[in-house]
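Here the protein sequences come in this chain order: R and D. Quick note, the first sequence lines up with residues 2 to 341 if you use the numbering used here. Quick note, the second sequence lines up with residues 25 to 313 if you use the numbering used here. For reference, the structure is listed below as structure tokens.
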Amino acid sequence: MAKKKVFQISNALTEGLEETVSAAHNYTGELRVEAIPLRKMELDPENPRDLILTFEDLYNGLDKDDKNYLRKAEEKATLITLSNSIKEQGIINPVLVYKHGDKYRLIAGERRTLASILAGKSEVQAKILDTKPEELKISLLQWMENVERRDLSLWERLKNLEKILSAFAADKGMEFNRVSPTDLGRLLGCSLPHAMNFIAVLNADDKVKALIQSNKLKNLEKAALISTIKSDGIKQNAIDACIAGATLKKLKSISTQDKIQKQTTTQLPAPSTRGRQATLVNLGTTKKIHVVRLIIDSVLGHEKLTHLKKHFTDLNWADYKSINHAFKQLLKTLEQIEAE
Amino acid sequence: MTKIIVNATHKGGEGKTTNSIMLAEYSALVKGLKTLIIDMDPQANLSGRYIEMEYDPAYRGGKIPAMHPDFEVGVDSGWDGRSSIANIFYGEEVIPYPTAISNLELLPAHSHKLQEAEAVTKNEVLEKVHLQLKRFLELPDVRNSYDVIIIDTPPSKGPLTIAAIKAASHIVIPAQMEQFSIEGVYGMLQLWKQESYYRTKENQINLIGILPNQVRDIKLHKQFLNGLKMMKGVSDYVMPRVIKKRAIYTEILVEDANPKSIFDLPKNNVARLEYESACEYIMEKVYHG
């Protein structure tokens, strides 16, 4: 008997149709990418980045009598690599703008825009939003754009963050200082410890903040650590050490004095003198996987050991046997490192 | 607010022109709405249904609209007496033609001029072509003269089709339930998607849906239609009306057909009922979402 004919719209076409409709629904009015004339672009006066190089400086050339000439020249020099790559292949990610009258105002992509001018382009690819996004959204977009950037000072990042937090707090109808590290972590998509560091620094006293502003404290982790020290004397020690270039580890050891001061009542048990002399340490056992995980994560968080992380990415955390095995492996590896 | 409905798909023979005619005549004859029908297709088939089209002496095979009935030699200086929608791309005045159907006016095609606009590739000019129809239809004079504007497009994804989509408030995609046709639907959905990204939320382009057209009682058609209806998201855009393959739909387009419009057939005629139901569905969507 002849096979019964069945007609089907192919999977590829079905998928294409479904994806198209879904994309159209999800991004309605949000994804206009176009080449817009650079002459029609302007900077957002509220952009937290505060590059002082302006569009005019690039169009007209730097003015030697400008009191900011040196800094501007420096900024211009940092754009040259980017500008060369734009000459070669254009920008890879479009900049983000919103319509402001007959101009387009930059939300993100200041360096790309400046470098495009420098590259002699007349247009730049941009994602266009029709209206200015809400304060929270705009701050977040700028944050995302800037978060991984090295050339932003800690103070600039904090200023930006403050804006995000107050917009977020206003949005949720809560007070500014009630925003929790968890909220912040979620908002920025960063880890909890990172968010805690930010919150710590935002709550730092004026003295610490002044040091951050004057760029004497530059590192977030260090600044956060210092902000949490309670005792004034120890805090001053830590600040001095930090400015003198102390490592985070060194600062931690200074700050533990603070904790020891606070915890004078908790005494370490006196070492036992009875029985055979111990020659090894028993690491004990636990049923609680999160404890093991905490230990392993902390060890791997050590700056000299991060390269070991790759051995633990596939670990099945639900299986005691494989955790045991992994832990033993870790110990062995650590012992080898010690021996070297 | 004037409603602007575009019939578009880049595959030929799907029923764009027929559907434009039916919708326009339904709107004018049955609903009594002030209706303008625009022929953006250089083939100018639609124009020929309502006014006399002449062969273009300067462009072999091309057609141009006959002299406008309001044209008076000597009175209208600076006008050659013909007018087409293509004039908007040349900065020339556009004067609609009356038709034999009350409430229905026509802006005919001009083959050569439309083809020139369709062939534009230079970026700056292209942008002008894309936006020109929209600008024209936004003129208060045009808005105040019509309740409904129906646009027929060429079978392409070129500048003229894009111009029509940019001008539209609503899109209808007529399609046969066949392989190449569904691929055409895919292409049109891309244009719709791009346009919906581009527009603001307040001024969205509304896809009324895919109108299954020329459907026959064969397995292929049934199964493809069912396939479309099963697709996630897409199913919302498959119109719950179907136009079957019937001789009457092409017979009615013949020059001396009698009656001339499907809506002049007896009220209980199967074909009239079928198309009326489809048009009713579309108009209901246009006016009440």
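For every residue, glycine included, the Cβ atom is placed at its ideal position computed from N, Cα and C.
Chain-ordered, the chain D residues with CB closer than 9 angstroms to the CB of R/Q9 read Q247, F248 and G251.
Rounded to the nearest angstrom, the gap between the Cα atoms of R/N238 and R/D58 is 44 angstroms.
Excluding the 5 residues flanking it on each side, R/K122 has no same chain C-beta neighbour closer than 6 angstroms.
Counting along the chain, D/G233 sits inside no alpha helix (DSSP H); it lies in the beta strand (DSSP E) bounded by residues N230 to P236.
Residue nearest to D/R106 within the set D/L131, D/I174, D/E219 and D/V262 is D/L131 (criterion: CA-CA distance).
Counting only runs of 4+ residues, the alpha helix (DSSP H) found wholly inside the region 134-209 of chain R occupies 136-147, 155-173, 182-189 and 193-203, in chain order. Assigned with DSSP and collapsed to three states, D/M212 falls in helix. Of the candidates D/E140, D/C303, D/L252 and D/Y50, the residue whose Cα lies closest to the Cα of D/V262 is D/L252. Counted as a single uninterrupted DSSP element, the stretch harbouring D/N227 is not any beta strand (DSSP E), since DSSP gives it neither H nor E. Here the C-alpha atom of R/E176 lies approximately 42 angstroms from the C-alpha atom of R/L309. Interface with chain D (8 angstroms Cβ-Cβ cutoff): R/V96 is excluded. With a threshold of 8 angstroms between beta carbons, D/I62 makes no contact with chain R. The criterion of a C-beta distance shorter than 8 angstroms is satisfied by D/W103 and D/F95.
When only Cα atoms are considered, R/T334 and R/E111 end up about 47 angstroms apart. Using a CB distance cut-off of 8 angstroms, D/I28 does not count as an interface residue toward chain R.
Between R/T21 and chain D, the shortest Cβ-Cβ separation is below 8 angstroms.
Counting only Cβ-Cβ distances below 7 angstroms, R/Y60 has no contacts in chain D at all, with the closest Cβ about 22 angstroms away. A direct Cα-Cα distance of roughly 36 angstroms separates R/T229 from R/A319.
Scanning its chain for C-beta atoms nearer than 8 angstroms, with the 5 sequence neighbours on each side dropped, one finds around D/A295 the residues R270, I272, Y273, I286 and L289, in chain order.
For secondary structure counted as the beta strand (DSSP E) over 3 or more consecutive residues, the region 53-124 of chain R holds these complete runs in sequence order: 96-101 and 104-109. Taken through DSSP and simplified to helix, strand or coil, D/A32 comes out as coil. Counting C-beta atoms within 10 angstroms of its own C-beta, D/V209 has 16 or more neighbours from the protein chains shown and is therefore classed as buried.
Rounded to the nearest whole angstrom, the CA to CA distance from R/T307 to R/I297 is 11 angstroms.
The shortest C-alpha to C-alpha distance from D/K284 to any of D/F160, D/P179 and D/M46 is the one to D/M46. About 15 angstroms separates the CB atoms of D/A52 and D/I75; that is not less than 8 angstroms, and the two are not in contact.
By the rule that beta-carbons nearer than 8 angstroms mark a contact, R/K6 touches chain D.
Remark: C-beta atoms of R/I93 and R/S117 do not approach each other more closely than 8 angstroms. Not flagged as an interface residue toward chain R: D/L297, since no C-beta distance is shorter than 8 angstroms. In this chain, the alpha helix (DSSP H) harbouring D/P164 covers P164 to S169. The beta carbon of R/P38 sits closer than 7 angstroms to those of S123 and E124, all from its chain and outside the five residues before and after it, given in chain order.
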